[in-house]
Amino acid sequence: MRRAPMRLLDLDGSLPDQAPLAERLRDGRAERIDLKALGNPLRLWSSGRDWRRLEAALATSERGGPAPFLTLFGSGDYHHVSAALIARAPGPLSVVHFDNHPDWCRCFPARHCGGWVNMALAQDHVQRVVTIGPCADDLHRPDRKGANLEALSDGRHQVFAWRRAPTPTRKSVSDGPGHRVRSGEIHWRNVEAENFTCFMDELIASLPPGRVWITVDKDVLAPSEAVTNWDQGQMPLARVIEAIGMIGQAREIVGADICGDHAPARHRHPMKLTEAWMDQPRGGPPGGPDVALACNGEANRRLVEALEAFA
C-alpha cells in the first residue's frame with residue numbers, strides 16, 4: 001500500500017477537523033497518527049523519557065516505507081518536534097525556518113519549543129538554520145534571554161527579522177548577513193523594507209550545498225491570517241508561499257513541517273503552567289474556536305499546496 005505523502009501528528013486535536021485536512025484524510029492524501037497520549041508530556045518541553053516515546057512513535061509510523069514528505073503537528077508549543085523530524089531526514093541539509101521567534105534559547109529542559117534550533121544545530125547533518133520573519137521581543141536584549149549568540153556570530157544560525165528595531169547587547173556578537181553590530185547595538189536587517197524576491201535570491205545563493213528542510217510556525221503571520229497560542233508577527237502568508245516556491249525551484253526540499261495551530265492548553269505540570277502564564281497570550285482565540293479553525297484551515301491549505309508541489 002502506498003504511503004500518504006502527508007501525516008498529521010495529532011497531539012492536541014487542532015488538525016483533523018480543519019476542512020482541507022479532513023478532506024485529505026478521507027481521500028488518502030494524509031494519514032493521522034494518534035499521539036494525544038503525548039500531548040501534555042511534550043507540550044512546551046519534554047523529558048528524555050517522553051522524547052524517546054516520540055521517537056519510537058515516529059519509527060513505528062515509518063515502518064514499511066520512507067517518512068511522509070510533510071508533517072503537521074498542531075500548536076507551536078510542539079515546535080521542538082521539528083528537531084526529531086529533521087534528525088530522521090537525509091543530509092547534509094540546511095533548515096529554513098519561518099517563525100515570529102528565533103527559537104534559539106539555551107533552555108532547561110533542553111528539549112524545548114523555544115530552543116529547538118540548538119537541538120537541530122547539534123545534529124551532524126545540519127549545516128545551518130536560517131530563521132526568516134521574527135518580530136518578537138526575543139530579538140530585544142537577547143544577551144539577557146539565554147540566546148545562543150555564538151551560533152549567530154559563527155553563521156550557523158542566521159536570523160532575518162521581518163521588522164525589528166536595533167537592540168543593545170553586552171555580549172560580543174559578530175556581524176552576519178541578517179544583522180550588523182555597531183557601538184554595542186545589534187541592528188537587525190528588516191526584510192519587510194526590502195525587495196523580497198531579491199532578498200530570497202541572495203539567501204538561496206548563500207545556502208550551503210545540499211538539501212533543504214522547511215519548517216513553518218504560523219505565528220510568523222499576522223492574526224488576520226492565522227490564530228495561534230503565541231504572540232504573532234507580520235510576515236504575509238503570500239511571502240512565505242513565494243519563498244517556498246523559490247527554494248523548491250532552486251534546491252531539493254527533503255521534507256517539511258507546519259505548526260502554529262491554536263489548541264487550548266491543559267497543563268498539569270506546575271513549571272509548564274507558570275511558563276505559559278508568563279509567556280503566552282491569555283484568553284481564547286479572537287472570534288471563538290470556529291473562526292480559529294477556519295482561519296488556520298485556510299492557511300494550512302495554502303501552505304500544504306505550496307509544499308506539495310515539491311514532494
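Just so you know, we're using our numbering here: the sequence shown kicks off at 1 and counts up by one. A virtual CB, placed ideally from N, CA and C, is assigned to each residue, including glycine. All values reported here derive from a predicted model rather than from experimental measurement.
| Item | Value |
| --- | --- |
| Validate contact between the segment 222-233 and the segment 167-177 using beta carbons, cut 8 Å, 3 pairs | no |
| Rounded straight-line distance, which links the Cα of residue 270 to that of residue 135 | 29 Å |
| Opposing strand residues paired with residue 258 [DSSP bridges] | 72, 216 |
| Reduced DSSP category for residue 312 - H, G, I as helix; E, B as strand; rest coil | Since the displayed the chain opens at 1 and closes at 311, residue 312 lies outside it and no answer follows. |
| Cut-off 8 Å between Cβ atoms - residues of its own chain near residue 302, not counting five sequence neighbours on either side | 237, 241 |
| Exposure of residue 305, with buried meaning 16 or more beta-carbon neighbours within 10 Å | exposed |
| Boundaries of the alpha helix (DSSP H) in which residue 23 is found, first to last residue | 19-27 |
| Under the three-state DSSP convention, the category residue 41 falls into | helix |
| C-alpha distance - residue 14 paired with residue 186, whole-angstrom precision | 37 Å |
| Nonlocal neighbours in the same chain, by C-beta distance under 8 Å from residue 204, ignoring five residues either side | 246, 247, 250, 251 |
| Opening and closing residue of the beta strand (DSSP E) in which residue 127 lies | 126-132 |
| Closest Cα partner of residue 5 within the set 62, 123, 216, 189 | 62 |
| Other residues of its chain near residue 212: CB distance less than 8 Å, five sequence neighbours each side excluded | 93, 94, 95, 96, 247, 251, 252, 253, 254 |
| Residue of 91, 193, 259, 54 minimising C-alpha distance to residue 221 | 259 |
| Assigned exposure category for residue 197 - 16 Cβ within 10 Å defines buried | exposed |
| Residue 90 classed as buried or exposed, judged by whether at least 16 other C-beta atoms fall within 10 angstroms | exposed |
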